[in-house]
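Worksheet: the structure to be examined is printed underneath.
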Amino acid sequence: MVMITGRIVGKTLRSVVCALALGLAACGDDGERGNAREFATAGQAAFWDTLFGREDRSAEAIEQLRLATRLDPTDGRSFFLLGMMHLFRFSQQIEDFFDPSPADKAEILRAHEALERAVPLLPEDRRVPGFRGAATYMRGVVFQEEGLRELGLRQLRESIQLYPEFNSFSFIGVVAPTVSADDPLYLEVLEYVGDPLNAACSPFSQPEICGNAGKAPHNIEGSLVLFGDLFAKAGDTERAAGFYRLAKTPFSDEPWRFRDLIDERLRTLPTRVELYRDGDPRNDPPIIGYRQEACAICHFGTPRTQTSASE
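The numbering of the sequence shown is our numbering, which starts it at 1454 and goes up by one.
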């Protein structure tokens, strides 16, 4: 009798606490599950608005997705989007990988924790291990934990075996800006880059992944500038300039917000190459994909097919 009463009181107390914390009239098991779906839907809508550059709703996305995962710890998609939103905020604000702010550390830590939860809950989504590996590696860099950095590299390489045409960019995106041009890891980056114009993944054969037809309406332009930056860091001025010039091609009817970057890159190319090769990583020009360009470089803009919160 005491045990039964204790359970009833405990459940009642939990419902009261839940109602006070979440502003809900009731928080029974069925209600919690239903409200989790509402939070997930609201969080996904805020996520897409932020990713596509319609409106910065990143704080709202994180709050809603956090509530969704608290109420439904089996919701792998909400964990995934939560981790990606923290990764987005980290990439937008980081100024120095080797002298991070407390806010930088908090964002990458939360990104890593959420993506770790997402991986086993989304076994069919081959992208998630790549993003998880990127977060693990970057957490190791930011917190100067070599074990985590090595774990992240291992996770990234395993994810590339799983989905090479997509997850190789996770490796490139976090490794290239955090190592010197003469580091063996940078040579590995260039191996994954290969010959981009003759790659197996083509905008013609896989337009949603390698072109502008998917959720990255300026994927081609952003990727071409990235290739230019990578070859500039490698000291290959000719190939870098070639990719920058190719990026000026109008690949979309919609204006690209970062088009001015191309002229800036071409104008400063000799200086960029010199700074990359002077042996001082602290003065290296940033590779595209961080600060204001993070995620935005490819995703900002309205995709050809509107993405709903349920996608």
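We put the CB at the ideal spot given by N, CA and C, even for glycine.
What you are looking at is a predicted structure, and each value in this text was computed from that prediction instead of being measured.
Pull up the CB-CB distance for residue i and residue j, whole angstroms please, since I reckon it's below 8 Å.
i: F1624; j: L1640; result: At roughly 12 Å, the Cβ-Cβ gap does not stay under 8 Å, so F1624 and L1640 are not in contact.
i: T1589; j: G1605; result: 4 Å
i: L1518; j: L1534; result: 6 Å
i: A1693; j: L1722; result: 6 Å
i: M1591; j: I1561; result: 5 Å
i: L1575; j: R1530; result: 7 Å
i: R1744; j: Q1597; result: Not confirmed; about 21 Å, so no contact.
i: E1707; j: P1734; result: E1707 to P1734, Cβ: 36 Å. No contact.
Between the alpha carbons of residue i and residue j, how many angstroms are there, rounded?
i: P1573; j: D1509; result: 29 Å
i: R1490; j: Q1497; result: 10 Å
i: G1754; j: H1539; result: 20 Å
i: S1676; j: E1746; result: 12 Å
i: L1638; j: K1686; result: 13 Å
i: K1558; j: P1738; result: 22 Å
i: P1526; j: E1516; result: 15 Å
i: A1512; j: N1736; result: 32 Å
i: G1688; j: N1672; result: 24 Å
i: I1613; j: D1636; result: 20 Å
i: E1618; j: Q1659; result: 10 Å
i: R1730; j: G1626; result: 20 Å
i: A1474; j: N1488; result: Only weak support is given to the placement of A1474: the predicted model assigns it a pLDDT of 42, under 50, and the question is left unresolved by the model.
i: T1702; j: F1541; result: 27 Å
i: G1732; j: D1716; result: 26 Å
i: E1691; j: A1495; result: 47 Å
i: D1502; j: L1719; result: 32 Å
i: L1728; j: E1548; result: 17 Å
i: R1644; j: C1663; result: Correcting the residue identity first, residue 1644 is Glu in this sequence and not Arg. Roughly 18 Å separates the two Cα atoms.
i: V1581; j: R1507; result: 24 Å
i: H1565; j: C1748; result: 17 Å
i: E1611; j: A1587; result: 12 Å
i: C1751; j: E1577; result: 24 Å
Where do the ends of the alpha helix (DSSP H) carrying residue i lie?
i: Y1639; result: 1637-1646
i: Y1398; result: In the structure as shown, the chain starts at 1454 and stops at 1764, and residue 1398 therefore has no counterpart that could be examined.
i: A1587; result: 1581-1595
i: N1672; result: 1672-1686
Can you check whether the CB of residue j is closer than 7 Å to the CB of residue i?
i: A1567; j: D1528; result: no
i: A1629; j: V1642; result: yes
i: F1532; j: R1563; result: no
i: V1646; j: L1683; result: yes
i: R1579; j: L1615; result: yes
i: P1649; j: F1680; result: yes
i: F1500; j: A1514; result: yes
i: V1595; j: P1553; result: yes
i: E1674; j: F1696; result: no
i: F1550; j: T1631; result: yes
i: I1740; j: V1678; result: no
i: G1667; j: N1620; result: no
i: G1593; j: R1602; result: yes
Fill in: alpha helix (DSSP H) runs contained entirely in the segment 1691-1721, provided each spans 4 or more residues
Fully enclosed alpha helix (DSSP H) runs of 4 or longer: not present.
Discussion item. In chain order, what are the residue ranges of uninterrupted alpha helix (DSSP H) at least 4 long that sit wholly in the segment 1503-1556?
Written reply: Counting only unbroken stretches of 4 or more residues, the alpha helix (DSSP H) elements lying wholly within the segment 1503-1556 are 1511-1524, 1529-1546, in sequence order.
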